[in-house]
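Count the sequence shown with the numbering used here and you get residues 103 to 276, in order. Shown next, in structure tokens, is the structure this report addresses.
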Amino acid sequence: MGTPRVVSVADTKTKLKQAQKQLKNLEWENEVLQQRQIQAQGERDSLFGRFETSLHEAQQKGNLQIQLLERRITALASSLEQRDAQLAETVLLAGLDPAATQATKLKMEELMTAKNGAIRQLQYDITKVSKAHNDLIRVYEAKLEEFGIPAEEMGFRPLFTHTTAGPAGLVVGA
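Here it is as structure tokens:
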């Protein structure tokens, strides 16, 4: 059979020291990981708090804008009612035909609607052209810089409109 293996006390002490050292290393790593977890949770909580605050602020701003628009609509509706009443009174006092004046009023409203639509379309076109112009200047200036030519010497100036530096074609029409 075989001889039983005898483990010396020195070997056992060495293995015990190694195990204790490994245990200390693992405990230290565990402590580091726990600290990282606490830090990550703190960052998460902070980000979530900022997100909630931003969301709440956005909701408040949106609600305020809605209230302002509702007030404006109410004021405009009141103004329109007063204008219609004044017009009806003027028509009555002038002895004009109410049906003819109503037809004229409708034609004027249609004309105003068409003109306002044309104005919005022209404003949209101006925005598109301005954006394309500004994008072209940015590309041209980048090429000048690439060749070592100062862009300031060329004297190009961007058109000042409410456009972004995003990709072309992202202008949203009204």
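We put the CB at the ideal spot given by N, CA and C, even for glycine.
Beta-carbon proximity list for Q223, same chain, < 7 Å, skipping 5 on both sides: Locating residue 223 in the sequence shown gives position 121, where the first residue counts as 1. The answer is none, since no qualifying residue turns up.
Could you tell me the alpha carbon to alpha carbon distance between L198 and D186, rounded to whole angstroms? In the sequence shown, residue 198 corresponds to position 96, counting from 1. In the sequence shown, residue 186 corresponds to position 84, counting from 1. Near 15 Å, if we compare the C-alpha coordinates of D186 and L198.
What did DSSP end up calling F153 once you bin it into helix, strand or coil? As a first step, residue 153 is located in the sequence shown; it is residue number 51 there, counting from the start. Note: F153 maps to helix in three-state DSSP.
S126, buried or exposed, once every other Cβ within 10 Å from all chains shown has been counted against 16: As a working mapping, residue 126 is identified with position 24 in the sequence shown. The question names Ser, but residue 126 in the sequence shown is Lys. With fewer than 16 other Cβ atoms within 10 Å, it is exposed.
Expressed to the nearest angstrom, what Euclidean distance is found between the alpha-carbon atoms of D113 and L128? Reading the sequence shown from its first residue, position 11 is the one you call residue 113. Reading the sequence shown from its first residue, position 26 is the one you call residue 128. Taking the straight line joining both Cα atoms gives about 22 Å.
Whole angstroms is fine: what's the gap from G275's alpha carbon to Y226's? Along the sequence shown, one-based indexing puts residue 275 at 173. Along the sequence shown, one-based indexing puts residue 226 at 124. With a pLDDT of only 45 at G275, under 50, the local geometry of the prediction cannot be trusted, and no value is derived from it.
Between the alpha carbons of K171 and Q162, how many angstroms are there, rounded? Here residue 171 is taken as the residue at index 69 of the sequence shown, counted from 1. Here residue 162 is taken as the residue at index 60 of the sequence shown, counted from 1. Sequence check: residue 171 is Leu here, not Lys. Roughly 14 Å separates the two Cα atoms.
Quick one: what does DSSP say V108 is sitting in, helix, strand or coil? What you label residue 108 is simply residue 6 of the sequence shown in a count that begins at 1. If DSSP states are grouped into helix, strand and coil, V108 belongs with coil.
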